[in-house]
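In my numbering, the protein residues as written are 347 to 721. These notes are about the structure you will find just below.
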């Protein structure tokens with residue numbers, strides 16, 4: 347399916363890329379708001395490949411739970427070479443990229459970036475992790491220096507970076523602390539590469555945002571669900587793409603969809619796809635029933651395990667009776683973290699607000715409270 351809109355966000359990200367690297371940029375938003383899709387569209391179709399070389403690391407590709415997993419997610423390890431001279435290997439790698447533009451274009455199309463290749467000797471598997479991570483940082487720095495020497499700018503993108511938060515080096519220092527220091531050096535200090543970190547974990551973003559080590563060294567770009575105008579346009583786009591114009595929705599019907607599910611792309615796609623075999627009423631009622639049951643089963647589970655927590659959760663849900671977002675200061679931190687971790691609420695630490703992950707979730711919460719006679 348073709349990419350739709352997001353011109354405002356694309357313009358903002360491209361304006362960052364077209365400037366000198368200064369800050370680490372965190373791209374955040376509710377789950378399934380289109381963050382990863384957006385960055386891949388920019389890499390594949392909007393980025394000037396004559397000026398920039400993108401590298402995208404998706405930490406969702408494997409279950410990252412150890413330092414070895416981190417290496418596997420980051421690199422394609424070249425076990426065939428015996429070269430341990432980092433500078434020589436980097437020069438050969440960059441020359442290959444520049445001499446094989448057609449192949450590289452295909453790689454960018456397939457993987458949304460050039461796969462990072464690292465020589466096995468650099469990893470020095472027999473050494474301690476603290477030493478190995480220094481070799482990795484030295485390799486990446488030489489790689490980006492060589493790209494700059496060739497007149498191009500590296501764009502380093504880390505998707506779902508929060509997956510590294512529980513990894514430590516030799517069971518001691520957190521890997522992310524070390525990694526952030528390296529990324530600050532790439533951007534704020536040496537202006538070598540643009541760095542974008544994508545995350546749907548709003549508690550992770552809150553931690554980063556409140557971290558002293560990244561103060562004035564990071565900026566934040568929100569990719570939220572569509573507003574009403576964009577939602578109605580997206581519905582028109584979807585009916586053409588998915589229904590081939592066989593079904594035409596009235597303005598009233600499109601507004602009803604928005605009122606039910608809001609502007610979350612994945613839910614709008616689900617609605618339009620289901621219209622192939624069901625009426626609009628059937629689709630919307632099914633989605634609300636499904637989401638409401640999930641909320642009810644969640645409440646039943648909490649009530650069975652911890653009645654005090656259950657009552658606190660109900661009190662939070664009641665705050666959303668007549669509003670879709672509230673100041674996050676109204677909810678104590680442990681309870682806030684619990685509901686965000688369950689993907690029921692989304693926390694925007696920059697705006698200081700809490701809201702259900704979607705409008706559908708908002709309606710489901712209120713419907714569940716009514717059916718359980720709690721309001």
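All C-beta atoms in this analysis are idealised placements derived from N, C-alpha and C, irrespective of residue type, glycine included.
Checklist entry - With respect to the beta strand (DSSP E) encompassing residue 463, which residues constitute its N-terminal and C-terminal limits? => result For the purposes of this step, residue 463 is taken as the residue at position 117 of the chain shown. Where residue 463 is concerned, the enclosing beta strand (DSSP E) stretches over 463-465.
Checklist entry - Among residues of its own chain, excluding the 5 on either side of residue 352, which ones have a beta-carbon nearer than 6 Å to its beta-carbon? => result The residue given as residue 352 occupies position 6 in the chain shown. Excluding positions up to five away in sequence, the list reads 384.
Checklist entry - For residue 672, which beta-bridge partners are listed by DSSP? => result On the chain shown, residue 672 is found 326 positions in, with the first residue counted as 1. Paired residues: 700.
Checklist entry - When you compare only the Cα positions, how much space is there between residue 355 and residue 387? => result Taking the chain shown and counting its residues from 1, the one referred to as residue 355 is at position 9. Taking the chain shown and counting its residues from 1, the one referred to as residue 387 is at position 41. Using only the alpha carbons, I get a separation of about 11 Å.
Next on the checklist: Below 8 Å, how does it come out for the region 634-649 and the region 404-423: are there three or more Cβ pairs, yes or no?
Outcome noted: no
Checklist entry - Under three-state DSSP, which class holds residue 540? => result The count along the chain shown starts at 1 and reaches residue 540 at position 194. Here residue 540 sits in strand by DSSP.
Checklist entry - residue 647: buried (16+ other C-beta within 10 angstroms of its C-beta) or exposed? => result As a first step, residue 647 is located in the chain shown; it is residue number 301 there, counting from the start. Flag for residue 647 reads exposed.
Next on the checklist: Quick check for students: name the residue ranges of the alpha helix (DSSP H) that lie wholly in the region 391-460, counting only runs of 4 or more.
Outcome noted: 413-420, 432-445, 447-457
Checklist entry - Near residue 714, which residues of its chain fall below 6 Å by C-beta distance, leaving aside the five closest residues on each side in sequence? => result Numbered from 1 along the chain shown, position 368 holds the residue referred to as residue 714. These residues qualify, in order along the chain: 638, 641, 642.
Checklist entry - With distances taken between CB atoms, is the gap from residue 496 to residue 440 smaller than 8 Å? => result Reading the chain shown from its first residue, position 150 is the one you call residue 496. Reading the chain shown from its first residue, position 94 is the one you call residue 440. Yes, the Cβ-Cβ distance between residue 496 and residue 440 is below 8 Å.
Checklist entry - Do you know whose CA, among 622, 604, 623, lies nearest residue 614's CA? => result On the chain shown, position 268 is the one that residue 614 refers to. Checking every option, the nearest Cα to that of residue 614 belongs to 604.
Item to check | Alpha-carbon spacing of residue 470 relative to residue 478, whole angstroms | outcome: For this step, residue 470 is matched to residue 124 along the chain shown. For this step, residue 478 is matched to residue 132 along the chain shown. The straight-line gap from Cα to Cα measures roughly 7 Å.
Checklist entry - For residue 501, which residues does DSSP report across the bridge? => result Translated into positions along the chain shown, residue 501 becomes position 155. Partner(s): 400, 540.
Checklist entry - residue 436 to residue 400, Cα distance in whole Å? => result Translated into positions along the chain shown, residue 436 becomes position 90. Translated into positions along the chain shown, residue 400 becomes position 54. In a straight line, the C-alpha of residue 436 is about 16 Å away from that of residue 400.
Item to check | DSSP three-state assignment for residue 478, whether helix, strand or coil | outcome: In the chain shown, residue 478 corresponds to position 132, counting from 1. Helix, per DSSP.
Next on the checklist: With DSSP as the reference, identify every bridge partner of residue 720, one or two as the case may be.
Outcome noted: One-based indexing of the chain shown puts residue 720 at position 374. According to DSSP, which records beta bridges pairwise, residue 720 is partnered with nothing at all.
Checklist entry - In terms of residue numbering, what span does the alpha helix (DSSP H) encompassing residue 582 cover? => result Taking the first residue of the chain shown as position 1, residue 582 is located at position 236. Run containing residue 582: 574-588, per the alpha helix (DSSP H) assignment.
Checklist entry - Between 537, 657, 377, 572, which lies nearest to residue 742 when the distance is taken from Cα to Cα? => result The structure shown does not extend to residue 742, since the chain spans only 347 to 721, so no value can be given for it.
Item to check | Cβ shell of residue 465 (< 6 Å), same chain only, five flanking positions each side left out | outcome: For the purposes of this step, residue 465 is taken as residue 119 along the chain shown, with counting starting at 1. 424, 427, 429, 435, listed in sequence order.
Item to check | Expected contact under 8 Å - CB spacing of residue 490 and residue 453 to nearest Å | outcome: As a position in the chain shown, residue 490 is number 144, starting the count at 1. As a position in the chain shown, residue 453 is number 107, starting the count at 1. That belief does not hold up - the Cβ atoms of residue 490 and residue 453 are roughly 18 Å apart, past 8 Å.
Item to check | Three-state secondary structure assigned by DSSP to residue 512 | outcome: Here residue 512 corresponds to residue number 166 of the chain shown, with the count starting at 1. If DSSP states are grouped into helix, strand and coil, residue 512 belongs with coil.
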